[in-house]
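In the working numbering, the protein residues as written are 8 to 165.
All C-beta atoms, glycine included, are put in the ideal place defined by N, C-alpha and C.
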């Protein structure tokens with residue numbers, strides 16, 4: 008298969024239980040309005056489609072996603088603002104239907120789910136990690152040219 012295939016639910020039940028699981032999965036997809044073909048959890052092909060292809064982690068979109076996760080994990084270890092479990096310390100600012108800012112301590116996360124551009128983002132004292140096509144405007148504001156996210160150290164106003 009290749010690409011960014013989803014991990015699919017699979018089972019290996021015998022007899023009636025296997026048939027019931029397959030039928031129940033089809034009903035579940037139908038109830039959700041998902042018009043796609045339901046991967047039969049009892050079929051070997053469903054299982055095989057979910058086997059990790061480790062060589063892909065070094066290629067294209069897989070490599071970019073792995074690097075992003077590694078950057079986020081490193082930031083979480085380094086920055087106390089990101090591993091404090093008290094969610095009351097997080098403020099959310101909705102910039103548009105597709106764009107939010109999450110503020111926590113001196114850190115800000117800009118998330119844009121696209122598909123269009125997000126041009127009038129915040130100013131950053133430092134970009135700590137970015138995923139997506141990031142640009143710095145002449146006035147210092149960040150812009151994302153499609154879906155993406157940026158973890159930044161906020162500019163202080165004093």
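Check: Does the count of Cβ pairs from the stretch 33-49 and the stretch 114-123 closer than 8 Å reach three?
Finding: no
Next item on the list: Look at the alpha carbon of residue 124 and the alpha carbon of residue 103, and state the distance between them as a whole number of angstroms.
Entry: Numbered from its first residue, the chain shown carries residue 124 at position 117. Numbered from its first residue, the chain shown carries residue 103 at position 96. The straight-line gap from Cα to Cα measures roughly 11 Å.
Next item on the list: Select from 41, 52, 27, 31 the residue whose C-alpha is nearest the C-alpha of residue 15.
Entry: For the purposes of this step, residue 15 is identified with residue 8 of the chain shown, where counting begins at 1. Residue 52 is the option with its Cα nearest to residue 15.
Next item on the list: Pull up the distance between the alpha-carbon of residue 60 and that of residue 145, whole angstroms please.
Entry: Residue numbering aside, residue 60 sits at position 53 when the chain shown is read from its first letter. Residue numbering aside, residue 145 sits at position 138 when the chain shown is read from its first letter. Their backbone Cα atoms lie some 43 Å apart in a straight line.
Note to self: Which residue marks the beginning of the alpha helix (DSSP H) containing residue 85, and which one marks its end?
What the structure shows: What you label residue 85 is simply residue 78 of the chain shown in a count that begins at 1. 67-85 is the extent of the alpha helix (DSSP H) around residue 85.
Margin query: Could you check whether residue 88 and residue 112 sit closer than 9 Å to each other, using their CB atoms as the reference points?
Written below: Here residue 112 is taken as the residue at index 105 of the chain shown, counted from 1. Here residue 88 is taken as the residue at index 81 of the chain shown, counted from 1. Between residue 112 and residue 88, the C-beta spacing is below 9 Å.
Check: The beta strand (DSSP E) with residue 98 in it runs from where to where?
Finding: Taking the first residue of the chain shown as position 1, residue 98 is located at position 91. Per DSSP, residue 98 belongs to the beta strand (DSSP E) from 98-103.
Check: Unbroken beta strand (DSSP E) runs of length 3 or more, entirely within the stretch 85-152: which are they?
Finding: 98-103, 106-111, 114-119, 131-138, 141-143, 149-151
Margin query: Am I right that residue 157 and residue 137 are in contact with their C-beta atoms under 8 Å? What's the rounded C-beta distance?
Written below: Position 150 of the chain shown holds residue 157. Position 130 of the chain shown holds residue 137. 5 Å between Cβ atoms; contact.
Check: Can residue 101 and residue 130 be called in contact, C-beta distance under 9 Å?
Finding: Against the chain shown, residue 101 aligns to sequence position 94. Against the chain shown, residue 130 aligns to sequence position 123. No; because the gap between Cβ atoms is not below 9 Å, this pair is not in contact.
Check: Is it right to say residue 94 is buried, meaning 16 or more other beta carbons lie within 10 angstroms of its own, or is it exposed?
Finding: The residue you call residue 94 lines up with position 87 of the chain shown. The residue is exposed, with fewer than 16 neighbouring Cβ atoms inside 10 Å.
Notebook entry, point to check: Alpha carbon to alpha carbon, how far is residue 96 from residue 24?
Noted result: Counted from its first residue, the chain shown places residue 96 at position 89. Counted from its first residue, the chain shown places residue 24 at position 17. Cα to Cα, the separation comes out at about 47 Å.
Next item on the list: Classify residue 22 as buried or exposed, calling it buried when 16 or more other Cβ atoms lie within 10 Å of its own Cβ.
Entry: Position 15 of the chain shown, counting from 1, holds the residue named residue 22. It counts as exposed.
Item checked: Where residue 64 falls: helix, strand or coil (DSSP) -> Mapped onto the chain shown, residue 64 falls at position 57. It is helical.
Item checked: Identity of the residue in 27, 86, 155 nearest residue 106 by Cα -> The count along the chain shown starts at 1 and reaches residue 106 at position 99. Checking every option, the nearest Cα to that of residue 106 belongs to 155.
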